[in-house]
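I have placed the structure first, in the form of structure tokens, so that the comments after it can refer back to it.
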Amino acid sequence: MSPFTEARMHLAVELTAAGRHPAAARWARLDPAVLLSAVHHAGLVRTAARRGLDLVLLPHTFHPDGGPLLDAVSLAARIAPVVPGIGLAPTATVTHTEPFHLSKAIATLDIVSAGRAGWEPAVSRTQVEADLFGRKQAAPADELWREAADAIEVVVRLWDSWEDDAVIRDAATGRYVDRDKLHHIDFQGEFFSVKGPSITPRPPQGHPPVVLRCDEDEALPVAARWADVVRISAPDLTAAAAARDRIRDAVAGAGRDPDDVTVLLDVEVHLAADRDQARRDLVELDRLAGAELPASSVRVLGPPTDLADLVGAAVRTRAADGVTLVPLVLPADLDVVAAQVVPLLAGRGLLRTGSAGGSLRARFGLARPANHFTGASA
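Under the numbering used here, the sequence shown has 502 at position 313, and the numbering climbs by one with no breaks.
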């Protein structure tokens, strides 16, 4: 199926506590205590799920300058059982973090979400973050991404270390697990030596989809080998199309089908009645923050029709297979997306209507992978 048919038009949203702009909470007059409430975060995800979005991305960082921050994986596990019908992909930083722990955390998320988990591996670059752990120094990008590749492989192999039917629950013999269906992974790499197996059963999806940001050269080989969804940033649609082509070429070079990898373009958004009002809002946000927030990718400041036009142009020009909306202010921008932008996109034939349901892999057209140790796929 062509990635540009209606069925492959994907819409994701990145949900921070108050939005990407650092002054969003002050501008929206949000109670700071609310931002640490699971009810607040679940409400945001529920809004996205109600309008049939494919995926919520929950960012996370080890850097302390952002203020109090809930752990993204734990937050996703709290939200998943109470908000059905949408994928949840938390950021999980692989630098300074043992892949064994990440493997069981994401497997657990997939279990409690009934197969709607993804994860976004990220790297930690700064010495400030390294000092928080006190284990090693900050490393250059090429080393960080080589380590990330090893970490992802360990995580995936640990998921496969339990066969799908390893849990037998045999009351007569008192056996819960068939130990012959658990496997040592015996991984030996540049950064990790992991024997395994995992202590958590294989996730319902087999391998929860890997979402990987690819905005630097060093990340490209990792995305080509491991990513199911690739996030890109670009100043305009021409640059986005070039980035998408480059990613698809790299995926093909890694021996995979480029149509199995979805490329999502980040689009920063602040929506208002008109462009002048949206720009005035941004000026006030920057004033409250004490500095101008530069755009990190394509940015839409204006009415809902401007965002719908941009999404349509992205698909027509093959700049992306969909977009990740990055609201500058929450919940206000998400509410406008849900109430006005999604109906516009659906009305123009750019977006599926209703909820696709099922697993996150199925939502992105991905088959359930065979187990590395048995070759069997359920």
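For every residue, glycine included, the Cβ atom is placed at its ideal position computed from N, Cα and C. As the structure is a prediction and not an experimental result, all values here were calculated from the model.
Are the beta-carbon atoms belonging to residue i and residue j less than 8 Å from one another?
{"i": "R557", "j": "G385", "result": "no"}
{"i": "D417", "j": "V450", "result": "yes"}
{"i": "A201", "j": "A207", "result": "no"}
{"i": "G491", "j": "R469", "result": "no"}
{"i": "T282", "j": "A311", "result": "yes"}
{"i": "V411", "j": "W334", "result": "yes"}
{"i": "A296", "j": "P392", "result": "yes"}
{"i": "H459", "j": "V518", "result": "yes"}
{"i": "A238", "j": "A478", "result": "no"}
{"i": "G323", "j": "S548", "result": "no"}
Which residues in the same chain have their Cβ closer than 8 Å to the Cβ of residue i, if we skip the five residues on either side of it in sequence?
{"i": "A413", "result": "I436, A439, V440, G442, A443 and R445"}
{"i": "L264", "result": "A227, H230, L247 and P279"}
{"i": "H373", "result": "S350, K384, G385 and P386"}
How close, in whole Å, do the beta carbons of residue i and residue j come, if the pair is a contact with beta carbons under 8 Å?
{"i": "A509", "j": "A503", "result": "5 Å"}
{"i": "S313", "j": "A269", "result": "Not really, about 25 Å apart at Cβ, beyond 8 Å."}
{"i": "G511", "j": "H199", "result": "3 Å"}
{"i": "V344", "j": "S292", "result": "4 Å"}
{"i": "A261", "j": "P279", "result": "4 Å"}
{"i": "R209", "j": "P516", "result": "7 Å"}
{"i": "A266", "j": "L298", "result": "5 Å"}
{"i": "T236", "j": "D524", "result": "7 Å"}
{"i": "E407", "j": "A330", "result": "4 Å"}
{"i": "V228", "j": "V245", "result": "Contact flag wrong, Cβ pair sits at about 16 Å."}
{"i": "D243", "j": "R552", "result": "5 Å"}
Residue i: which of the options sits nearest, CA to CA?
{"i": "G276", "options": "L401, A338 and R550", "result": "R550"}
{"i": "D375", "options": "L291, I295, G241 and E342", "result": "E342"}
{"i": "F562", "options": "D470, L496 and K370", "result": "K370"}
{"i": "G564", "options": "L471, T494, W351 and D465", "result": "W351"}
{"i": "A527", "options": "V228, P211, W216 and G241", "result": "G241"}
{"i": "A338", "options": "Q377, T513 and L321", "result": "Q377"}
{"i": "L401", "options": "T513, P520 and P221", "result": "T513"}
{"i": "E203", "options": "L534, L454 and V271", "result": "L454"}
Might you give, ordered along the chain, the residues of its own chain that have their beta carbon closer than 6 Å to the beta carbon of residue i, omitting 5 neighbours on each side?
{"i": "V487", "result": "V456"}
Comparing the CB of residue i with every heavy atom of the ligand FMN, is any distance shorter than 7 Å?
{"i": "W216", "result": "Among the components of this structure there are no ligands whatsoever, and the ligand FMN is therefore not found."}
Report the rounded CA-to-CA distance for residue i versus residue j, giving the unit in angstroms.
{"i": "E332", "j": "E379", "result": "10 Å"}
{"i": "R507", "j": "I388", "result": "43 Å"}
{"i": "V366", "j": "H290", "result": "21 Å"}
{"i": "A480", "j": "E473", "result": "10 Å"}
{"i": "C403", "j": "F251", "result": "19 Å"}
{"i": "K325", "j": "A319", "result": "6 Å"}
{"i": "A327", "j": "V317", "result": "8 Å"}
{"i": "A430", "j": "L321", "result": "38 Å"}
{"i": "A432", "j": "A484", "result": "18 Å"}
{"i": "R505", "j": "V489", "result": "18 Å"}
Within a Cβ cutoff of 7 Å, which residues of the same chain sit near residue i, ignoring the five residues on either side of it in sequence?
{"i": "A567", "result": "In this prediction, A567 has a pLDDT of 45, which is less than 50 and means its spatial position is unreliable; what the coordinates show is noted afterwards. Closer than 7 Å at the Cβ level, and outside the excluded window around A567, lie D353 and R557."}
{"i": "D522", "result": "G208, V458, H459, L460 and P516"}
{"i": "I300", "result": "P392 and P393"}
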